[in-house]
Structure formats: C-alpha cells, structure tokens
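Enquirer: Just dropping this structure here.
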Amino acid sequence: MVEYYLDFEKPVYELERRISELKHMETEESGVDLTDDIQRLEKKLEKMRHEVYSKLGRWQRTLIARHPMRPYTLDFIDLLADRFVELHGDRSYADDKSIVAGVGTFMGEPLMIIGHQKGRNTKEKLMRNFGMSHPEGYRKALRLMKLAQQFHIPILTLVDTPGAFPGIEAEERGQAEAIARNLIEMADLTIPIVTVITGEGGSGGALALAVANRVLMMENSIYSVISPEGCAAILWKSQDYAKDAAEAMKVTASDSLELGIIDEIVPEPLGGAHRDYPAAAAAIGQAVKRHLEELGKLTPEELVEDRWRRFRKIGVFQGP
Amino acid sequence: MVSWFRRRSSRPERSDRRKVSVPEGLWIKCNNCGEIVYSREIERNLKVCPKCDYHFRITARERIDLLVDAGSFEEFDSSIESLDPLQFRDSQKYFDRIRTSKKKTGLTEAVVSGSCTIEGKRTILSVFDFFFMGGSMGSVVGEKVARAIERAIQDRCGLVIVSSSGGARMQEGALSLMQMAKTSAALAKLRRLHLPFISVLTDPTTGGVTASFAMLGDVILAEPKALIGFAGPRVIEQTIRQELPEGFQRSEFLLEHGMVDRIVNRKELKNTIAFLLDAFTRQ
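This is the structure we're talking about:
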C-alpha cells in the first residue's frame, strides 16, 4: 500500500512513523528499553488525533471523502457480504464498470448490493471512469433493482461518485433520462431500499442510486447538488474557490442531517474510514442490519408510502 | 391574437452601434441567423424569428397566455417563497439574487402554477421562467411542481409542465437535489392513476430539471433548436477537451437520438397539447 496523507494529517502520520521506528529499534536491538518513550508518544498521538480529526472543516471532510485510500464499494462488499455474485450489463448497450452490482448474502439473508466503484491505480481509474457513470450504469442499476423486487430481495446501495459523467456519448444515450428514470422507478419499488453514502455523493449521479427508504451518510462523506469545483467555477468564476463553495453549500453529513436530507450518520474510525476498513465496514453493517430489520416489517405498499413521505417533506420555504 | 405579449424593456440582442438612430427596442437582431428584424413582426409571430424560425425565450406569463384558453388560468401556490436555509453567499447573497429576480420578473419564484383549460380541457399547468434565476429549482420550485402534480391527482386531470431551467439551484445545496427525487416520486403517483403528463422542453432545459420530471413526460415535446441536456456544453467541453459537434444538445439532436417524442413549433404547441390530452383522457 502506498502511504498517502492529506496536508492536515501530516503531523499525525509523522508521529506514527516515529513510534513505529522506535518499536522496530526495540525489537531489533534487544536490550534497549524504549517502553516509556513509546508510551509517551502514543499518548501524544492519541491527543493529536483528536485535535486534528474532531474539528474538521467542510473542505477537509471533502478531501477525506475523496481520499485515494478510502474504502470503495468492492472493499465494503468484501467485508460485509458472506458471498457476492456480481451481475453485469444493462441489457441494451453495455456494462458500465463505474457501477458494480450483484446478489450477495448479508447476515445470512440475500441482499442486492449496488454501488459506484472508483479505481485505485491509473488503469483501474480509467476502467471505472473515476466513478462517473454513463446512462448504461444507471440502467444496469435499475435493471438489477427490478430483479431484486421480482424475487423480494432488499436493496443496499453504496454511493461514491463525483457525479454523472459529462460527455458527448453520455448525452447521446440519454444521461438525463437515465437518471430521471431511476428516480421515478425507485420511488415505486416494493422492497426495502437502504442507501449509504460512503464517499462523494455527487449530484444527480448519486441521487440516481439514492431514492431509498433510509439514506445514511458515513461521517466523512459529502452530499452535494454540484461538485464544489463546479459551483466555484460558476459562482466564483474560478475552481480555486472550491473550498468556499464546499463551505457555502454545506456538504457534510452533519449538515445533511440538519437539513433533513439524511436519516443517520454512520460513525467512522478516528481519522477516517481509510484508517481501518474492517471497523468502517462493521459500522455500516450494523446500521444497515438495523434498518433492514425495521423496514422488513412493512408491507410492499407501506414501503412505497414510506419512501414517498420521506422525500415529500424535504424542502425549506415559507408560505402556506 | 397577440394580446399575450407584453413588451420587455431589455433587449440584450440589440446591436447598439449600428442602429444608433433607431428607437429603443424597435429592431431585434436574431440570436440564430443574425438578421435584423422589426420587433413588431417578431411579436406578431409569437416571438419566433420570421426569417429562420428561431424561437426566442419567453416569460412564464407569455407562455401561459400562449397555451391556455383566454381567462381560464387560475394561479395557485403563488405565495410560497424562498427562504435562505444555508445562509448562502458568494459574490452576492442568495437573498439579494432572489430580490433582484422578483423585481425583474414580477414573479415570486421561477415557476408559475395554476389550473386552466386548454381548448376546453381542464388541465394543471406549471411554467418555468428562465428570467428568474435561470429557472433554477430550489425548495420552492420543487414544492410547487410537486403540488401541481398532486393537484392534477386531486382533480383527476392532465398535467403540462413547460420547462426552461439551468437545473437545480446551487444556493440551496442538496435541498435542491432532493427536489428531483420529490417531483419524480410525485409523478410515480400520477402514473398509477393513468393521468397524462405532457412535458414541454424549451430553451434551455438542463441539469437537475432535465434529469428529473422534465424527461419523465408520457409525451415529451420540444421547441425547435432548444438547448436540452444533462451537463451544460461548457462543462462537457472542459471535461473531454474537444469541440462539440454542430447542433449538439439541440432539440433536433435529441429527436435524432430518440430522447424526445416530437419537435413542435410554437404556433402548433397549444393545439398539439390539447390533442394529446384529449386522446389520453377520453377513457
């Protein structure tokens, strides 16, 4: 694994490295007792971690949401599903690899899992198109959601996308229609749907997988109507103001909870999900299990009504 | 016949330098063919260029007058107004932008809804006004569209939405994004009752409006040469770093790619809508 840290994380990483060096010395050169030093530094590290990570700004959270080591959908599937059989293609044009989908078993029960997928290295990133889907990606997702409905399997979607891909072919094949279609069809599905925004919840490309009964966000994920860069380019006339745009648009999980856009925040290990994949996955697993159990008690009609009411009430305005 | 037209005071298309001696607003340079046309002639022609058939953008009020039976429009939900839930500010405060748009358009928000008859057929009509913050959809616009859909359900009649919008309103953040889901979910309810929804796309319709209710019409009509798409052309150009093909994202391009049902000239719009509504609601 390549070590990668964000600027504001640097002191934490440096201290961690010093501790591991000391530990290394202790085992290599027997006879040297560094226990006291190590303990002292570990205490300092603990304190520093709290200082750095407990008061992150919106832009810093955006950077963590986009962290190149952040766990992606396939990592979560590995850790959450006992078994997973990926299914491919939209049956009309192609298989969009920026969205992975398939049937898994979760806590012994079948679950349709659908999520955006980003790549780690250049080759993978290109294959996954940086997690930006074309229409066939959303259509694959919808096809498999309907498959889930057909066989009464609940759906978990994991959202992590900068947004729908803005390109010539995406437009030619109906990017807008594909997203819109998912919104109306998801509203009508008669099985439980839970969404977890795990990284970037980028505008329509995110929402196309997120018309769910319960929408959760991981602590350091973001949800926004347009990327901070896009917003900055339009309103500040320069992408350099992305940080200001992230602040102004209030993109974090706690902002979204306050605005009534999401139902719950899934806590992350200190420092972010990338510091501890199993712990991050376990937190998601617990929350998803609880929500699926609750939703399992509703009839198909109640599930549709529950989802409708959830979205119907979102909005802030004045007047009758 | 042209009673629906009210003179707009600003004429950004006018070429000032060459027409110094001509009174304000008497001549208009067509955005498309560049011809200088007598403005009265364009008015008489429903704001369509008589030379090249270019459809000028029109206000929500003009559009309503063009579509409904005279005197039949009863507006509703005109008193829902925007708050500033994010306390948003860039170079300007969101609240000031709203105030400017209100003053400029005489509207309270970027969409006007009401019940009306169209060639005698009772219909719920929502019309976007691009001159109000680019027709962008925030909480109020989403709420008004959702309520219009609910009104059609309640009144058991057809629904027409004429879109003209840059998309979701950035100044309300993810609240605006959620309006896409809200309006689309409302359409799912309308669909269950077999009530028709005619979506009319006019110049320009992009972003979150296209990617929600606007592309979900039972029938989707578009005005000629309207810009219609998900991403704006500039964003696409910047992303892929190549020039866009001629006519890209225009109505004719969408028709060619199977994304809209039909391109309808402004003159034929009312009649076409009326015909479809009648065909779909006779039982």
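Top to bottom, those sequences are chains A and B. Just so we're aligned, residue 24 is where the first sequence starts under the numbering used here, counting upward by one. Just so we're aligned, residue 23 is where the second sequence starts under the numbering used here, counting upward by one. A virtual CB, placed ideally from N, CA and C, is assigned to each residue, including glycine.
(1) Return the bridge partner residues of TRP13/B from the DSSP annotation.
(2) Compile a chain-ordered list of the residues in the segment 105-130 of chain B whose CB is closer than 8 Å to at least one CB of chain A.
(3) Relative to the C-alpha of SER269/B, which residue among MET168/A, ARG63/A, ARG84/A and ILE191/A is closest?
(4) The beta strand (DSSP E) that contains LYS143/B, what's its start and end?
(5) Hey, does GLY295/A have any beta-carbon neighbour from chain B nearer than 7 Å?
(6) Looking only at its own chain, which residues have a Cβ that is under 8 Å from the Cβ of LYS289/B, when we skip the five neighbours before and after it?
(7) Determine the DSSP secondary structure at GLU324/A, reduced to helix, strand or coil.
(8) To the nearest angstrom, how far is the alpha carbon of SER161/B from that of ILE337/A?
(9) Can you pull the chain A residues whose beta carbon is under 9 Å from the beta carbon of GLN176/B, in chain order?
(10) Alpha carbon to alpha carbon, how far is ALA168/B from ILE258/B?
(11) Apply the 10 Å Cβ neighbour rule to LEU149/A and answer buried if 16 or more other Cβ atoms are within range, or exposed otherwise.
(12) Should GLY80/A be labelled buried (16 or more other beta-carbon atoms within 10 Å of its own) or exposed?
(13) For a test of the three-state rule: what should DSSP assign to SER104/B, helix, strand or coil?
(14) Going by DSSP, name the residue or residues bridged to HIS386/A.
(15) Between VAL248/A, ILE214/A, ILE207/A and GLU242/A, which has its C-alpha nearest ALA229/A's C-alpha?
(16) By the DSSP assignment, the alpha helix (DSSP H) with THR184/A in it spans what residues?
(17) Inspect the beta-carbon positions of VAL217/A and ALA235/A and report whether they are closer than 7 Å.
(18) Following a CB-centred definition, is LEU29/A positioned closer than 6 Å to any heavy atom of the ligand SAH?
(19) Given a cut-off of 7 Å on the beta-carbon distance, is the pair ASP267/A and GLY222/A in contact?
(20) Taking CB distances under 7 Å as the criterion, tell me whether GLY227/A reaches chain B.
(21) Which of the residues in the segment 246-280 of chain A, read from start to end, lie with their CB under 9 Å from any CB of chain B?
(22) Along the segment 185-204 of chain B, where does the CB come closer than 7 Å to a CB of chain A? Name the residues.
(23) What in chain B is Cβ-close to GLY80/A, meaning under 8 Å?
(24) Indicate the three-state DSSP secondary structure (helix, strand or coil) for PRO226/B in the structure shown.
(25) So, with DSSP's three-state summary, where would you put MET135/A?
(26) Put TYR246/A into one of helix, strand or coil per three-state DSSP.
(27) Mind checking if THR145/B is an interface residue toward chain A, Cβ cutoff 7 Å exclusive?
Expert: A quick look at the data gives this:
(1) This structure leaves residue 13/B out entirely; chain B is present only between 23 and 305.
(2) LEU105, PRO107, LEU108, PHE110, ARG111, ASP112 and SER113
(3) Just to set this straight, residue 269/B is Gly in the shown sequence, not Ser. Comparing Cα-Cα distances from GLY269/B to each of MET168/A, ARG63/A, ARG84/A and ILE191/A, the minimum goes to ILE191/A.
(4) 143-150
(5) no
(6) LEU68 and VAL70
(7) helix
(8) 8 Å
(9) None at all; the shortest Cβ gap to chain A is about 15 Å.
(10) 30 Å
(11) exposed
(12) exposed
(13) strand
(14) Only positions 24 to 343 of chain A appear in this structure, which leaves residue 386/A out of reach.
(15) VAL248/A
(16) Counting along the chain, THR184/A falls outside any alpha helix (DSSP H), though it belongs to the beta strand (DSSP E) covering 178-184.
(17) yes
(18) As presented, the structure is devoid of all ligands, the ligand SAH included, so that no description of it is given.
(19) no
(20) yes
(21) TYR246, SER247, VAL248, ILE249, GLY253, CYS254, ALA255, ALA256, ILE257, LEU258, TRP259, LYS260, TYR264, ASP267, ALA268, ALA271, MET272, LYS273, VAL274, ASP278 and SER279
(22) ALA190, MET192, GLY195, ALA196, LEU197, SER198, LEU199, MET200, GLN201, MET202, ALA203 and LYS204
(23) Correct list: empty, because the minimum Cβ distance to chain B is about 16 Å.
(24) strand
(25) strand
(26) strand
(27) no
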